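Visitor: In the working numbering, the protein residues as written are 31 to 346. Quick reminder that beta carbons are idealized off the backbone N, C-alpha and C, glycines included. These numbers come from a predicted model, not from an experiment.
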Amino acid sequence: MTSTIGSDHTLVTVNLPDGVRCAIAMTYDTDMAGGYAPDGVCHGRTMPAIKEYILRLCDTAEDFGDRLHFFQIGNGLEATEDVSYLQEVLDRGHDLDQHTYSHVGLNTEDLALLDRELSRTNELFAERLGHESIVLRGPGGYENGLRGKPANQRIVLDNGFRWVSCEFNFRATADDYEQTISGPAENQPYAYDTGLVELPIMSLTVRTFFDTVMNVDRPAYEAWCAESGHRPLPDDWSKAPWTADEALDAWIDYNLRVADFCYENGLLWVVCWHPYSHYVHDPGNEALPALLQWAADRDDAIICTLRDAVEWIEEP
Ligand SMILES: [Zn+2]
């Protein structure tokens with residue numbers, strides 16, 4: 031069963047496994063976010079503290095018998111870079127896919143650049159990790175995904191990807207973020223006319239939540255980025271000084287409420303989190319176990335990856 035929802039894309043059917051009424055695809059973009067960088071540049075040369083945090087997330091998932099899905103940018107895979115933490119992620123059974131070479135938007139007008147970014151990162155995945163990427167996460171997120179951009183879609187397809195996750199609709203503010211709890215109902219997977227399948231990011235990302243919605247002191251945020259961004263946090267760090275006091279509790283509550291919504295409505299939910307943002311805002315790693323425990327408490331709710339989810343999508 032399919033239904034047309036626009037002139038150039040068609041909703042696809044997601045058949046969750048038997049006995050499952052809600053599946054939560056846990057994805058993380060591993061980059062050193064440009065929004066925290068003194069020079070505003072996003073890159074994949076992950077600092078040791080974030081490598082440790084990534085492996086800690088894997089520990090937590092494994093405690094629950096779950097797997098996570100990480101998206102890595104290619105410039106962190108060059109020969110000069112240590113990739114042992116990514117090899118460990120793979121060896122421990124988690125999923126890893128690409129996020130372009132330098133964090134370029136998939137909706138770029140520079141099609142030759144997009145082609146180079148994807149093909150070079152595919153080469154690096156093969157050379158450094160002996161691994162093939164089949165699902166693509168788009169950097170930044172775009173309100174309309176790649177709708178109206180068939181040439182971009184074809185470059186994505188020509189680089190070996192049938193599935194992309196790049197649509198992100200939520201420009202929430204502190205006053206309206208609760209409206210996004212129902213996002214998974216409005217942002218289910220669809221096929222572009224080229225056959226490429228989109229799995230939108232369906233809820234607020236951790237960066238949007240803490241650094242925009244819960245950001246009550248922009249000057250403090252900007253000062254911290256300029257002086258301390260992309261550096262290890264001090265040992266006594268417990269909370270970012272620019273966020274509201276209750277930000278972490280509100281983040282956990284928000285995610286559990288999205289989970290409840292998906293459970294009530296029988297939905298796949300694509301989550302997009304970032305290890306760096308959690309390292310800054312959730313240094314004690316409280317959010318992931320809270321969500322995994324929510325799923326563990328329900329016989330018919332599961333944690334999955336996007337590689338799992340694409341298997342459940344009916345061919346468009
Ligand atoms: Zn990213």
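1) Using 8 angstroms as the Cβ pair cut-off and three pairs as the minimum, do the region 77-97 and the region 128-148 touch?
2) With DSSP run on the structure shown, which of helix, strand or coil describes M31?
3) Tell me the rounded alpha-carbon separation between P319 and F240.
4) Use the C-beta contact count for S268: other C-beta atoms within 10 angstroms, 16 or more gives buried, fewer gives exposed.
5) Given a cut-off of 8 angstroms, decide if E147 and V134 are closer than it, judged by their beta-carbon atoms.
6) Which residue spans inside the region 110-173 form an unbroken beta strand (DSSP E) run of at least 3?
7) What do you reckon, is the C-beta of C72 under 7 angstroms from a heavy atom of ligand 1?
8) Of all the options V227, L286, A91, which has the alpha carbon lying nearest to the alpha carbon of E341?
9) Thinking C-beta only, is H39 closer than 8 angstroms to E177?
10) Rounded to a whole number of angstroms, what is the C-alpha to C-alpha distance between N315 and A91?
11) Beta carbon of Y131, beta carbon of G104: below 8 angstroms?
12) Give the single residue among H129, G74, M232 whose Cα lies nearest to the Cα of I54.
13) Taking buried to mean at least 16 other C-beta atoms within 10 Å of its own C-beta, is P249 buried or exposed?
14) Comparing the CB of P169 with every heavy atom of ligand 1, is any distance shorter than 7 angstroms?
15) Find out if the Cβ-Cβ distance for the pair Y115, L85 is shorter than 8 angstroms.
16) Below 6 angstroms CB to CB, which residues in the same chain sit around G70 once its five sequence neighbours on both sides are set aside?
17) Assuming the contact rule is C-beta atoms closer than 8 angstroms, Q102 and G74 should be a hit. Round their C-beta distance to whole Å, please.
18) For D145, is the beta carbon positioned less than 7 angstroms from some heavy atom of ligand 1?
19) Spell out a yes or no on whether the region 201-215 and the region 149-168 are touching, meaning 3 or more CB-CB pairs, one atom from each, closer than 8 angstroms.
20) Drop a sphere of 10 angstroms on the beta-carbon of T34, count the other beta-carbons inside from all chains shown, and report buried for 16 or more, exposed for fewer.
21) Thinking A270 and V310 are a contact (beta carbons under 8 angstroms), I'd like their distance in whole angstroms, please.
22) Taking the C-alpha atoms as reference points, what is the distance between R287 and T210?
23) For the region 37-114, which segments carrying the alpha helix (DSSP H) assignment without a break, of at least 4 residues, lie completely within its bounds, in sequence order?
24) Identify the continuous alpha helix (DSSP H) that holds L278 and give its terminal residues.
Guide: By the coordinates alone:
1) no
2) Here residue 31 refers to the residue found at position 1 when the sequence shown is read from its first residue. Model confidence at M31 stands at a pLDDT of 37, short of 50, so the residue's coordinates are unreliable; what they give is reported in the following sentence. M31 falls in the coil class under three-state DSSP.
3) Taking the first residue of the sequence shown as position 1, residue 319 is located at position 289. Taking the first residue of the sequence shown as position 1, residue 240 is located at position 210. So the two alpha carbons sit approximately 19 angstroms from each other.
4) Counting from one through the sequence shown, the residue named residue 268 turns up at place 238. Exposed, since its Cβ has fewer than 16 Cβ neighbours within 10 Å.
5) The residue given as residue 134 occupies position 104 in the sequence shown. The residue given as residue 147 occupies position 117 in the sequence shown. Yes. Within cutoff.
6) 125-128, 165-172
7) Here the question's residue 72 lines up with position 42 in the sequence shown. Yes - ligand 1 has a heavy atom lying nearer than 7 angstroms to the Cβ of C72.
8) Counting from one through the sequence shown, the residue named residue 341 turns up at place 311. The shortest Cα separation from E341 among V227, L286, A91 belongs to V227.
9) Residue 177 sits at position 147 when you count from the first residue of the sequence shown. Residue 39 sits at position 9 when you count from the first residue of the sequence shown. Looking at the sequence shown, residue 177 is not Glu but Arg. Yes; because the gap between Cβ atoms is below 8 angstroms, this pair is in contact.
10) Numbered from 1 along the sequence shown, position 285 holds the residue referred to as residue 315. Numbered from 1 along the sequence shown, position 61 holds the residue referred to as residue 91. Going by the C-alpha atoms only, they are around 11 angstroms apart.
11) Walking along the sequence shown from the start, residue 131 turns up at place 101. Walking along the sequence shown from the start, residue 104 turns up at place 74. In contact: Y131 and G104 (Cβ atoms closer than 8 angstroms).
12) Against the sequence shown, residue 54 aligns to sequence position 24. The shortest Cα separation from I54 among H129, G74, M232 belongs to M232.
13) Your numbering for residue 249 matches position 219 in the sequence shown. If you draw a 10 Å sphere on the C-beta of P249, you find fewer than 16 other C-beta atoms in it, and that means exposed.
14) Residue 169 sits at position 139 when you count from the first residue of the sequence shown. A distance criterion of 7 angstroms places the beta-carbon of P169 in contact range of ligand 1, judged by its closest non-hydrogen atom.
15) In the sequence shown, the residue the question calls residue 115 occupies position 85. In the sequence shown, the residue the question calls residue 85 occupies position 55. Yes, these two residues count as a Cβ contact at 8 angstroms.
16) To locate residue 70, count along the sequence shown from 1; it is residue 40. Cβ within range, chain order: G64.
17) For the purposes of this step, residue 102 is taken as the residue at position 72 of the sequence shown. For the purposes of this step, residue 74 is taken as the residue at position 44 of the sequence shown. Contact between Q102 and G74 is confirmed by a C-beta separation of about 6 angstroms, below the 8 angstroms threshold.
18) Here the question's residue 145 lines up with position 115 in the sequence shown. Every heavy atom of ligand 1 is 7 angstroms or more from the Cβ of D145, so no.
19) no
20) Here the question's residue 34 lines up with position 4 in the sequence shown. For T34, the predicted model reports a pLDDT of 47, less than 50, meaning its position is unreliable; a value from the coordinates is still stated below. Burial state of T34 is exposed, judged by a 10 Å Cβ sphere holding fewer than 16 other Cβ atoms.
21) On the sequence shown, residue 270 is found 240 positions in, with the first residue counted as 1. On the sequence shown, residue 310 is found 280 positions in, with the first residue counted as 1. That belief holds up - the Cβ atoms of A270 and V310 are roughly 6 angstroms apart, short of 8 angstroms.
22) By one-based count along the sequence shown, residue 287 stands at place 257. By one-based count along the sequence shown, residue 210 stands at place 180. Whole-angstrom Cα-Cα distance: 10 angstroms.
23) 78-93
24) As a position in the sequence shown, residue 278 is number 248, starting the count at 1. Run containing L278: 277-295, per the alpha helix (DSSP H) assignment.
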